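Here is the structure we will look at.
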């Protein structure tokens, strides 16, 4: 017996969030109603605005509510001349948190996957090709995921760059910092051997 | 460097939900934007409606968008004559899931706590007293939490019932089903001895 259809509907809707099941959705709904109605309303408005207004940046295809995202608009980032290719906007977040990279990005929103019918045009690679011609780019850094599809996508883009005489690099794969050698899978270990760097002259 | 202020605002707002930290809020925001914008809009509307329209039932004080909740309005529930006293609307959900109880409820929205300045009037006990006089009630079942405050609240209501000649019972506390005796804390174990039931005649 339901005491309130609206409450049931709220619990059901909360389950659209990843990782939220029946118990958590119940806890969330009661928490907001009992202790934080203002937070609930703020969340509702933030969701409405974000879902309706956030589109893709015309240059790099990341999520933004403007025609060009803040990174693409930044003159310092433009001078840098490096473009980092990633699969998703979440990857940009992760890279920005390192503070190591000060160039611009290009988001594929996926990877090449002929079996699923995802070809170069679906990843906006025609737009990337235009940028390679129009802009003065010093280096393309390929930061796609270390999966088969990610590697294929990286190779494809590296060939595109080669035909235009632009240097393309791939981020290093190997033992994660703080990881223990004996715990690392053999695929990663063989990558770390193949990608070894000279330590003396 | 933020790519989108709206996206940052969404991530921040998602942290109003209990158990959602920086990593989960990021995962939720990107999931909704990339894969389930319809679900995000549905959630926004469910939140708006719930936060604005859900109030308290006039009879039992649980959450409902109507003047009286569906349980209080149900004639079969009214005939039953039992009223179960709980601390929060979430407790009603838990009890309803057992399918064991077919009476009505009364939600205190808390417990007596003189140190925090929460007295009988704050729990709506004046309204409960009215109901004890107005309605024909066969039994008050006290299902407040087994904490000190919950026990005090239960005793207080039991005395109210006594003065009106209404039977008040307390739900049993003891070993949970499937629990192992050696794992149970001594407080629970002593309750289960004090509350033992005769098995033969």
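Protein chains in written order, with my numbering: chain A, 1 to 201; chain B, 1001 to 1201.
Beta carbons are placed, not taken as given, at the ideal position from N, Cα and C, and that holds for glycine.
Here the structure is a predicted model, which means the values were calculated and not measured.
Taking the Cβ atom as the reference point for each residue, do residue i and residue j lie within a distance shorter than 8 Å?
{"i": "residue 1178/B", "j": "residue 1087/B", "result": "no"}
{"i": "residue 209/A", "j": "residue 132/A", "result": "The question about residue 209/A has no answer here: the residues shown for chain A are numbered 1 through 201."}
{"i": "residue 82/A", "j": "residue 138/A", "result": "yes"}
{"i": "residue 71/A", "j": "residue 104/A", "result": "yes"}
{"i": "residue 6/A", "j": "residue 1094/B", "result": "no"}
{"i": "residue 3/A", "j": "residue 1069/B", "result": "yes"}
{"i": "residue 1108/B", "j": "residue 14/A", "result": "no"}
{"i": "residue 1168/B", "j": "residue 1140/B", "result": "yes"}
{"i": "residue 1018/B", "j": "residue 28/A", "result": "yes"}
Using the beta-carbon count (16 or more within 10 Å), is residue i buried or exposed?
{"i": "residue 1111/B", "result": "buried"}
{"i": "residue 30/A", "result": "buried"}
{"i": "residue 59/A", "result": "buried"}
{"i": "residue 195/A", "result": "exposed"}
{"i": "residue 91/A", "result": "buried"}
{"i": "residue 1186/B", "result": "exposed"}
{"i": "residue 153/A", "result": "buried"}
{"i": "residue 1172/B", "result": "exposed"}
{"i": "residue 1067/B", "result": "exposed"}
{"i": "residue 181/A", "result": "exposed"}
{"i": "residue 1193/B", "result": "exposed"}
{"i": "residue 115/A", "result": "exposed"}
{"i": "residue 1016/B", "result": "buried"}
{"i": "residue 1046/B", "result": "buried"}
{"i": "residue 11/A", "result": "buried"}
Which stretch, first to last residue, makes up the alpha helix (DSSP H) that contains residue i?
{"i": "residue 1101/B", "result": "That residue, residue 1101/B, is in no alpha helix (DSSP H); it is neither H nor E in DSSP."}
{"i": "residue 1172/B", "result": "Where residue 1172/B is concerned, there is no enclosing alpha helix (DSSP H), given that its DSSP letter is neither H nor E."}
{"i": "residue 1084/B", "result": "Residue 1084/B -> not in any alpha helix (DSSP H); beta strand (DSSP E) instead, spanning 1082 to 1086."}
{"i": "residue 23/A", "result": "22 to 35"}
{"i": "residue 126/A", "result": "125 to 134"}
{"i": "residue 187/A", "result": "186 to 194"}
{"i": "residue 150/A", "result": "148 to 163"}
{"i": "residue 12/A", "result": "5 to 14"}
{"i": "residue 1071/B", "result": "1070 to 1073"}
Need the endpoints of the beta strand (DSSP E) that residue i sits in, please.
{"i": "residue 1139/B", "result": "1139 to 1142"}
With distance defined between alpha-carbon atoms, name the residue in the options nearest to residue i.
{"i": "residue 56/A", "options": "141/A, 123/A, 168/A", "result": "123/A"}
{"i": "residue 39/A", "options": "1009/B, 1064/B, 1041/B, 1037/B", "result": "1009/B"}
{"i": "residue 113/A", "options": "100/A, 126/A, 130/A, 148/A", "result": "148/A"}
{"i": "residue 1089/B", "options": "1018/B, 1164/B, 1144/B", "result": "1144/B"}
{"i": "residue 170/A", "options": "183/A, 142/A, 163/A", "result": "142/A"}
{"i": "residue 78/A", "options": "102/A, 162/A, 64/A", "result": "102/A"}
{"i": "residue 1033/B", "options": "63/A, 160/A, 21/A", "result": "63/A"}
{"i": "residue 54/A", "options": "1066/B, 1041/B, 1052/B", "result": "1041/B"}
{"i": "residue 1189/B", "options": "1106/B, 1175/B, 1201/B", "result": "1175/B"}
{"i": "residue 1037/B", "options": "48/A, 35/A, 37/A, 36/A", "result": "48/A"}
{"i": "residue 126/A", "options": "73/A, 160/A, 199/A, 65/A", "result": "160/A"}
{"i": "residue 1106/B", "options": "1026/B, 1061/B, 1162/B, 1146/B", "result": "1061/B"}
{"i": "residue 1191/B", "options": "1183/B, 1201/B, 1163/B, 1146/B", "result": "1146/B"}
{"i": "residue 1136/B", "options": "1020/B, 1201/B, 1080/B", "result": "1080/B"}
{"i": "residue 120/A", "options": "201/A, 162/A, 155/A", "result": "155/A"}
{"i": "residue 97/A", "options": "1098/B, 1201/B, 1026/B, 1074/B", "result": "1026/B"}
{"i": "residue 1065/B", "options": "1020/B, 1052/B, 1162/B, 1134/B", "result": "1052/B"}
With a threshold of 7 Å (Cβ to nearest heavy atom), would residue i be considered close to the ligand GTP?
{"i": "residue 1191/B", "result": "Of the ligands one can find in the structure shown there are none, so the ligand GTP has no counterpart to examine."}
Original post:
Quick one, which residues of the stretch 82 to 113 of chain A are near chain B if we go by CB-CB under 8 Å, in chain order?
Top reply: Correct list: 88, 89, 90, 92, 93, 96, 109.
**OP:** Return the residues of the stretch 26 to 41 of chain A that lie within a Cβ-Cβ distance of less than 8 Å from chain B, sorted by chain order.
**Re:** Of all residues in the stretch 26 to 41 of chain A, 26, 27, 28, 29, 30, 31, 32, 33, 34, 36, 37, 39, 40, 41 have a Cβ within less than 8 Å of some Cβ in chain B.
Original post:
Any residues in the stretch 48 to 70 of chain A with a beta carbon nearer than 9 Å to a beta carbon of chain B? Which ones, in chain order?
Top reply: Answer in chain order: 48, 49, 50, 51, 52, 53, 54, 57, 60, 62, 63, 64, 65, 66, 69, 70.
Subject >> Interface residues of the stretch 1122 to 1138 of chain B facing chain A [CB-CB below 9 Å] >> reply: Here the close residues number zero.
**OP:** Anything in the stretch 1141 to 1170 of chain B with a Cβ closer than 7 Å to a Cβ of chain A? List those residues in chain order, please.
**Re:** Against chain A - using a Cβ distance shorter than 7 Å - the stretch 1141 to 1170 of chain B contributes no residues.
Original post:
Any residues in the stretch 1002 to 1017 of chain B with a beta carbon nearer than 7 Å to a beta carbon of chain A? Which ones, in chain order?
Top reply: Taking 7 Å as the Cβ-Cβ cut-off against chain A, the residues of the stretch 1002 to 1017 of chain B that qualify are 1002, 1003, 1004, 1006, 1007, 1009, 1010, 1013, 1014, 1016, 1017.
Original post:
Which of the residues in the stretch 172 to 195 of chain A, read from start to end, lie with their CB under 7 Å from any CB of chain B?
Top reply: The residues in question: there are none.
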